[in-house]
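So the protein lines, in turn, are chains R and D.
Residues in the first sequence are numbered consecutively from 9, following the working numbering.
Residues in the second sequence are numbered consecutively from 9, following the working numbering.
Idealized CB from N, CA, C, for every residue including glycine.
Number of protein chains: 2
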Amino acid sequence: MTVSRVLRDKGYVSKNVTEKVLKAAEEIGYVRNNLAGSFAEQSTNLIGVVIPSLSNSVFTEVLSGFEDVIHESSLQIAISVSHYDQQREFNLVKDMLAWRPAGIVLTGMEHDERTRNLLKQNNVNTIELIDVDGQPISKCVGLSHRSAAEAMASHLIENGHTRFGYVGSALQVDERAKKRKIAFEQKLADNGLKIERTALSPEPSSMLLGRQLTAEILQDNCQPIALYYSNDDMAAGGLLHCTSQGISIPKDVAIASFNGLEFLDAMPMRITTFKSPRYEIGQIAGRYMLGEIDDRITQLSGELLIGDTT
Amino acid sequence: MTVSRVLRDKGYVSKNVTEKVLKAAEEIGYVRNNLAGSFAEQSTNLIGVVIPSLSNSVFTEVLSGFEDVIHESSLQIAISVSHYDQQREFNLVKDMLAWRPAGIVLTGMEHDERTRNLLKQNNVNTIELIDVDGQPISKCVGLSHRSAAEAMASHLIENGHTRFGYVGSALQVDERAKKRKIAFEQKLADNGLKIERTALSPEPSSMLLGRQLTAEILQDNCQPIALYYSNDDMAAGGLLHCTSQGISIPKDVAIASFNGLEFLDAMPMRITTFKSPRYEIGQIAGRYMLGEIDDRITQLSGELLIGDTT
DNA sequence: CTGTTAGCGCTTTCAA
DNA sequence: TTGAAAGCGCTAACAG
């Protein structure tokens, strides 16, 4: 017990003994056994985080903000990847719960019903990231993808665009992109307008795919048209297609997207997009974990970035 | 015990009892306590991974490959971020060892001596990623940054370049970039050449920084010159500076870099770079973890990508 | 300030 | 095929 007290710096131990214990621990290279310790304490400092993918910088930027806040505390982050699969997410959450984590962080508001039940029944401190359009299991922080899409639709309408196309990828798994598309269409409808053409692919988004789908959607000369993309990668591909074809932007083809990723700075033209506050979402999630925020929902606003393509 | 057997599907239990147990577990929403279980087993399925940063896609791409291999097994990944700080890395490794992980994954070959000792003494299955120029603690997989830089130097020399500049960032913490710079200089020296100008910054690399440092290095008209950059972000910024200034590429300024990141596809010109096999490194690290590889060192080659800028 | 006792929930081993 | 006993290394609670 005395050793335990010294090592945890808890309770009173004489200076003399403290030194001896510390020295001995150093000598034998003692490493605490968290399995035993946390087991005895019936709690851990682990936070289970589930994100859809590690190769989409949207999620790693959020993670980065989360980590920057968390890493000053004694909490540890354990990351799992759901590959956009709610069934897999459920299994991951179940596995994580077995470690009795201090908290769970999920991406998005759409989950398997069993996941929600599991988390609620076990009364786990849960935070959902990136989206706020829905009922959180416990807490959530993000932006309204509906509002973001509406803002973009309004911007295009105000700029006098009357014909619209949509270019998207992986909508069957990307719930946020799906919400944006629906809200965009709705806003157009409110103004007596509609999406005339759509190019979709189940593949993950990429510049190459954006380029291909844009070529497809423009093949029968429907210009002038304003294209709304599911995200920046797709839109960047679209821009490359247009410039290579000598298509006038934004006169013949306008380009608008979502995310506001940094790589857009590399493009020859500034693409109009909607910047999602990714790093900030992560930071706030971190502060939720540290108990610094109580609100059930934190809605961040994001920002419409008007570039040269609309 | 019978319950334990059913839940782990281990040993013989009658069908009748098995069903009853499974049903009861389902009803009460039983979740195994890994703290108790792993404690009793004296082992875990956790793999501790330490990477320098989550906001550098080099590391998340490696992680992605690692995860893709690992996630078919029963192993779990716990990620920590060292912020390029060896002291912090040591603390993270120590914290991870407290969980008695099935393995540890580190980035690079340069670590605090205490980290190496800790890992060796505890006989932990350790894998070092991305670099192979050095003595691994246990196993490592990566590419030779020396060779990559030498290949680029040779390419530039063969193309007739005779004057050289170097643009880099964060060399005090980026050991791989440092190795590349040294090897590049050495190769030049072997050919009676040298780096005439250097622009360095302690800031993390970014396109903006690359742009600024390139402006700086070119301010007193030293063209023609071949610039070697610490990585793609910096080089992309350099390219943007040159195109905006109407500088002829590669005639007046040649640009060469390292990594071969995907965002280069967005650039108006294909930058000459050296593609590091990031995803593959992660995959192989995963196979190391699963015990599918025994070699102490796996050296991957990478690829010189000759673009329009050299 | 130091020590004793009991127990965390599971698994390994042995016995029936 | 099932069960009983013991123990993993630590900490909370209490006693001295």
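1. For S22 of chain R, which residues in the same chain have their Cβ closer than 8 Å to its Cβ, ignoring the five residues on either side in sequence?
2. Which residues of chain D have a Cβ atom closer than 8 Å to the Cβ of S81 of chain R, listed in chain order?
3. Indicate the three-state DSSP secondary structure (helix, strand or coil) for E136 of chain R in the structure shown.
4. Could you check whether the Cβ of V149 of chain R sits closer than 8 Å to any Cβ belonging to chain D?
5. Whose C-alpha, out of R:E80, R:T206, R:V261 and R:L71, is nearest the C-alpha of G168 of chain R?
6. Which residues of chain D have a Cβ atom closer than 8 Å to the Cβ of Q84 of chain R, listed in chain order?
7. State the CB to CB distance for the pair A32 of chain D and R40 of chain R, rounded to an integer number of angstroms; the pair is presumed to be in contact (CB under 8 Å).
8. Can you check whether the CB of I78 of chain R is closer than 8 Å to the CB of G294 of chain R?
9. Taking the C-alpha atoms as reference points, what is the distance between I190 of chain D and E158 of chain D?
10. Please go through the same chain and pick out, in chain order, the residues whose beta-carbon is closer than 7 Å to the beta-carbon of T115 of chain R, but skip the five residues on each side of it.
11. Pull up the DSSP beta-bridge partners for S209 of chain R, would you.
12. Can you give me the Cβ contacts of D141 of chain D inside the same chain, cut-off strictly under 7 Å, excluding the 5 residues immediately before and after it?
13. Ends of the beta strand (DSSP E) at E311 of chain D?
14. Closer than 9 Å, Cβ to Cβ, to anything on chain R: give me those residues from the region 101 to 133 of chain D, in chain order.
15. Got a sec? Which residues, its chain only, sit under 8 Å from P109 of chain D by beta carbon, not counting five neighbours each side?
16. Considering only the beta carbon of each residue, do I165 of chain R and K147 of chain R sit closer than 8 Å?
17. Quick one: which chain R residues come within Cβ less than 9 Å of E69 of chain D?
18. Note down, in chain order, every chain D residue with its Cβ under 7 Å from the Cβ of D273 of chain R.
19. Taking contact to mean at least 3 C-beta pairs separated by less than 8 Å, is the region 249 to 265 of chain R in contact with the region 282 to 291 of chain D?
20. Is any beta-carbon of chain R found at less than 8 Å from that of P276 of chain D?
21. Looking at I225 of chain D: is its Cβ nearer than 8 Å to the Cβ of G176 of chain D?
22. By Cβ distance below 7 Å, which residues in the same chain neighbour H119 of chain D in space, the five residues on each side in sequence not counted?
23. What's the gap between the Cα of F182 of chain D and the Cα of S265 of chain D?
24. Closest Cβ-Cβ distance between G294 of chain R and chain D: below 8 Å?
25. Express the C-alpha separation of Q84 of chain R and E121 of chain R in angstroms, rounding to a whole number.
26. Quick one: measure Cβ to Cβ for A156 of chain D and G310 of chain D, integer angstroms, because I've assumed they're closer than 8 Å.
27. So, is the C-beta of V39 of chain D closer than 8 Å to a C-beta in chain R?
28. CB M297 of chain D to CB G150 of chain D, shorter than 8 Å?
29. For S65 of chain R, is the classification buried or exposed, using 16 other Cβ atoms within 10 angstroms of its Cβ as the cut-off for buried?
30. For T26 of chain R, which residues from the same chain have a beta carbon less than 7 Å from its beta carbon, with the 5 sequence-adjacent residues on both sides left out?
31. Taking the alpha-carbon positions, what's the L127 of chain R to D241 of chain R distance?
32. Quick one: is S256 of chain R buried, meaning 16 or more other Cβ sit within 10 Å of its Cβ, or exposed?
33. Classify E69 of chain R as helix, strand or coil using the three-state DSSP reduction.
34. Starting from the Cα of P144 of chain R, find the closest Cα among R:D303, R:L269 and R:G315 and give me that residue.
Here's the rundown:
1. So no residue of the chain qualifies.
2. Here the premise fails: no neighbours, minimum Cβ distance about 12 Å.
3. Strand, per DSSP.
4. Answer no: the Cβ-Cβ gap between V149 of chain R and chain D never drops below 8 Å.
5. Ranking R:E80, R:T206, R:V261 and R:L71 by Cα distance to G168 of chain R puts R:V261 first.
6. Those within 8 Å of Q84 of chain R in chain D are A86, S88 and D103.
7. Contact flag wrong, Cβ pair sits at about 36 Å.
8. With contacts defined as CB atoms closer than 8 Å, G294 of chain R and I78 of chain R qualify as a contacting pair.
9. Near 10 Å, if we compare the C-alpha coordinates of E158 of chain D and I190 of chain D.
10. Contacts found: V58, I59, P60, F67, L137 and I138.
11. Answer by DSSP bridge pairing, in chain order: R:S177.
12. The beta carbon of D141 of chain D sits closer than 7 Å to the beta carbons of M117, S152, H153, R154 and K187 from its chain, once the five residues preceding and following it are set aside; these are given in chain order.
13. It spans E311 to L313 - the beta strand (DSSP E) in which E311 of chain D sits, taken as one unbroken run.
14. Cβ contacts with chain R: K102, D103, M104, L105, A106, W107, R108, N125, L126, Q129 and N130.
15. If we look at P109 of chain D and ignore the five residues flanking it on each side, its Cβ neighbours are T52, L54, I55, G56, A86 and V132.
16. Against a cut-off of 8 Å, the Cβ pair of K147 of chain R and I165 of chain R comes out as no contact.
17. Under the 9 Å cutoff, chain R gives L62 and S63.
18. Near D273 of chain R (Cβ distances below 7 Å), the residues of chain D are M215.
19. The way I'd put it, the region 249 to 265 of chain R doesn't touch the region 282 to 291 of chain D; fewer than three beta-carbon pairs between them come closer than 8 Å.
20. Yes, its Cβ sits closer than 8 Å to a Cβ of chain R.
21. Against a cut-off of 8 Å, the Cβ pair of G176 of chain D and I225 of chain D comes out as no contact.
22. Once the five neighbours on either side are set aside, the close Cβ partners of H119 of chain D are Q94 and E97.
23. One detail in the question is off: residue 182 of chain D reads as Asp in this sequence, not Phe. Answer to the nearest angstrom: the Cα atoms are 15 Å apart.
24. Chain D places no beta carbon closer than 8 Å to that of G294 of chain R, leaving this residue out of the contacts.
25. Approximately 27 Å, taken between the alpha carbons.
26. For a cut-off of 8 Å, the C-beta gap from A156 of chain D to G310 of chain D is around 6 Å, short enough to register as a contact.
27. At a cut-off of 8 Å between C-beta atoms, V39 of chain D counts as an interface residue with respect to chain R.
28. Cβ distance not < 8 Å, so M297 of chain D and G150 of chain D don't count as in contact.
29. It counts as buried.
30. Answer for T26 of chain R: V14, listed in chain order.
31. Straight-line Cα distance between these residues: approximately 34 Å.
32. By the 10 Å Cβ count, S256 of chain R comes out exposed.
33. Of the three classes helix, strand and coil, the one that applies to E69 of chain R here is helix, per DSSP.
34. Minimum Cα distance to P144 of chain R is reached at R:D303.
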